[in-house]
């Protein structure tokens, strides 16, 4: 058992402890201690497995004491907006560079993100940066670097971490705090950066890669798109102009650079791809890249130095040589038990089955953020789908911004005349106003469903809303027999919302970038939803003693689109699992061989991936009822697995010295508006 000190009566080097809330900082961790758990008033803490600092890292362990007297308002630094000076439209801001190092093995990515902060001003500052990560990112490591010293952050309950950070900031210690605002939106706060000084913050996460038609897809989001919040909303994500802090009325604000403004912030990205077999094809339509082959199945991709402005998502897609991807299972076993990730891939032969008649409801986002290229792409995609409908299909077009309107009172038969009506209606639509997505949901799910047809409600949107929880709750209540497919349109789509809608709606998700061919992307999407390979899926685990598998309800299987299930197991089981479902009008059974003896190294990320999946499930359940009960479970699970969540946060404090000066100014890091999005439709002055 490895232990480290906490609860010392003094800070290092004789510096005074932090009084507010009773938080104090121990000396840094430097060697394992072999004493008992308690020596007088000194408390020892057990180090979480895998979280020990490396030889060049320090770990300032933060003790928990009862609250003492509060610090007066005069001791707390004031937030304010720093009037930055810029020449030729270049704005000096404290975030100067982001470095991304990704490693892909199989279907799991391990990513390290280093944010390099620098104080270009003549006074001490606190930097605030709102940034995105993949919606399924399991963030489990956090390190702050000051010069040659590395200080490992610790995971704490969010309120406690925020209090520790506030104490450190008020006293003049350098500190950093990482909090989650949404599963795909985070805030980095770095306090007491002295003039001319540099501070780096590094975080690590694991996530599973998306797969489609034999292609793997690695996505690294680079900028948070603007969010629309319905009137009365006070828990959203707002968008404001640089220097207009607080103008949105939301607790989280994305500060936007105006047209023509540019900060010095750039991004470098490297992906070390070890596929395990020959890479047949690799493409990146979002950015210019450079590629270095290390072998038939191993290549290194780097972002071109000529394409380093972080204003759109980076999307790398690759396809392996040989047969199409087969169903497979990865397993891992440690002292906590067994973990697995199962990929269900329906046979391509099922695509030849006669498809069921469809009832397609297209719900088009016509809000201001879709103005221009995004709306044009979405309309082209719908037009392509309309032209592929069979005579026995029906369709409806609904558009929404501040309110919803539609082509008719009920779905129309896909006759040539009605198709022309639909194309004409589509051509007249323009974008303006807010994103009252809930009105589109009500309009799409309220009218009766024709049981003869497989009903798909297809949302085409950038997802720029701040009330995701309300939207998902509304879908859950109204879904019925419908299936929801989401179609993310734009350069920095809200993938958390898009993926969540498709999962909840038992449908498929697709993404249409500004540089993609809309007809081609929609045709692939249409082919997929037209041929659900397996519906009403059940699994016989053959004695594996499986528990806590997520998602709880197995989604429908579509040809070319595998379903990923992640869970825990206790038993040894047999050598295969049995998958049953319905394909068209007949029952179908598939067998998948498994090897539970292959639980060796290589899949250590699975416990974190599973815990993140469970956190997502608990969060969705918490929108229905007893939110406090699910919140408590999420908090404990995140603490047990050292993970970020809505109720936990990482905090790191350098208690070795006090910074000079009493107060610092808070500087929000302004970011570019996503490519293709108009500034005047997003940021509030």
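In my numbering, the protein residues as written are 1 to 685. Positions of the beta carbon are idealized from the N, C-alpha and C atoms, including for glycine.
Using only CA atoms, which one of the options lies nearest to residue i?
i	options	result
residue 661	611, 91 and 126	126
residue 315	281, 333, 525 and 219	219
residue 412	360, 197 and 222	360
residue 482	172, 414 and 556	556
residue 667	302, 490 and 93	93
residue 526	457, 590, 577 and 419	457
residue 58	581, 654, 671 and 678	654
residue 590	327, 172 and 402	327
residue 544	146, 147, 337 and 641	337
residue 297	345, 306, 273 and 637	273
residue 673	434, 256 and 567	256
residue 147	56, 479, 567 and 419	56
residue 690	281, 639, 289 and 181	Outside the shown range of the chain, which is 1 to 685, sits residue 690, and nothing can be said about it.
residue 99	242, 235, 160 and 305	305
residue 121	198, 133, 145 and 434	198
residue 279	404, 319, 421 and 390	319
residue 289	271, 401 and 259	271
Is there a C-beta anywhere in chain B that falls below 9 Å from the one on residue i?
i	result
residue 224	The structure shown contains no chain B; it is built from a single protein chain.
Output yes or no for whether 9 Å exceeds the beta carbon distance between residue i and residue j.
i	j	result
residue 317	residue 216	yes
residue 384	residue 522	yes
residue 143	residue 156	no
residue 357	residue 334	no
residue 612	residue 206	yes
residue 116	residue 200	yes
residue 500	residue 135	yes
residue 399	residue 429	yes
residue 461	residue 364	yes
residue 211	residue 107	yes
residue 508	residue 561	yes
residue 240	residue 248	yes
residue 119	residue 222	no
residue 139	residue 339	no
residue 277	residue 321	yes
residue 606	residue 330	yes
residue 196	residue 90	no
residue 588	residue 576	no
residue 520	residue 432	no
residue 506	residue 552	no
residue 528	residue 558	yes
Apart from the five residues just before and just after residue i, which ones in its own chain have a Cβ nearer than 7 Å to its Cβ?
i	result
residue 631	622 and 647
residue 131	186, 188 and 224
residue 169	77, 126, 175, 191 and 192
residue 616	183
residue 158	179, 647, 648 and 649
residue 470	438
residue 410	447
residue 372	676 and 678
residue 502	484, 485, 486, 508 and 509
residue 283	317
With a CB to CB cut of under 6 Å and the five nearest residues on each side skipped, what residues in its chain are close to residue i?
i	result
residue 38	Legend: pLDDT at residue 38 = 29, less than 50; position of this residue unreliable, no value from coordinates given.
residue 204	112 and 141
residue 308	266 and 267
residue 565	342 and 549
residue 86	With a pLDDT of 37 at residue 86, under the threshold of 50, the predicted position of this residue should be treated as unreliable, though the coordinate-derived value follows. Counting only Cβ-Cβ distances below 6 Å, and skipping sequence neighbours, we find nothing.
residue 664	77, 124, 125, 126 and 192
residue 82	Its pLDDT being 37, under 50, residue 82 is placed unreliably by the model, and the measurement read from it follows with that caveat. Around residue 82: 665 and 667.
residue 671	223
residue 644	139 and 180
residue 418	412
Tell me which residues share the same chain as residue i and place their Cβ nearer than 8 Å to its Cβ, disregarding the 5 neighbours each side in the sequence.
i	result
residue 406	396, 397, 398, 399 and 443
residue 493	225, 313, 462, 463 and 511
residue 209	104, 107, 108, 109, 216, 217 and 218
residue 618	630, 633, 634 and 637
For residue i, verify whether its CB is less than 8 Å away from any heavy atom of the ligand HEM.
i	result
residue 510	By its list of ligands, the structure shown contains no ligand whatsoever, and the ligand HEM lies outside what it can speak to.
- Query: What alpha helix (DSSP H) runs, 4 residues minimum, are completely inside the stretch 239–308?
  - Reply: Annotation note: the stretch 239–308 contains no uninterrupted alpha helix (DSSP H) run of length 4 or greater.
- Assess, as a yes-or-no matter, whether the stretch 474–489 is touched by the stretch 503–519 under the definition of 3 or more beta carbon pairs within less than 8 Å. Yes: the two stretches touch, three or more of their Cβ pairs being nearer than 8 Å.
- Query: Counting pairs of beta carbons, one from the stretch 472–482 and one from the stretch 373–381, are three or more of them closer than 8 Å?
  - Reply: Verdict: no, contact absent.
- Task: Only counting runs of 4 or more residues, tell me where the alpha helix (DSSP H) segments fall wholly within the stretch 366–447, in order along the chain.
- Result: Correct list: 373–386, 416–427 and 437–445.
- Task: Scan the stretch 180–233 and note each continuous beta strand (DSSP E) run of 3 residues or more that stays entirely inside, going in chain order.
- Result: Here the runs fully enclosed are 185–193, 198–208, 210–212 and 215–220.
- Query: Going along the chain, which unbroken runs of the beta strand (DSSP E) with 3 or more residues stay wholly within the stretch 144–171?
  - Reply: Whole beta strand (DSSP E) segments, 3+ residues: 149–152 and 154–157.
- Query: At which residue ranges does the stretch 441–515 contain complete beta strand (DSSP E) runs of 3 or more residues, listed in the order of the chain?
  - Reply: Counting only runs that start and end inside the stretch 441–515, the beta strand (DSSP E) elements of at least 3 residues fall at 454–461, 483–489 and 509–512.
- In chain order, which continuous runs of the beta strand (DSSP E) of length 3 or greater are located wholly inside the stretch 96–134? Considered as a whole, the stretch 96–134 harbours 108–118 and 125–132 as its complete beta strand (DSSP E) runs of no fewer than 3 residues, in chain order.
- Considering only residues of the stretch 591–639, which uninterrupted beta strand (DSSP E) runs meet the minimum length of 3 residues and lie entirely inside it, listed in chain order? Segments of the beta strand (DSSP E) lying fully in the stretch 591–639: there are none.
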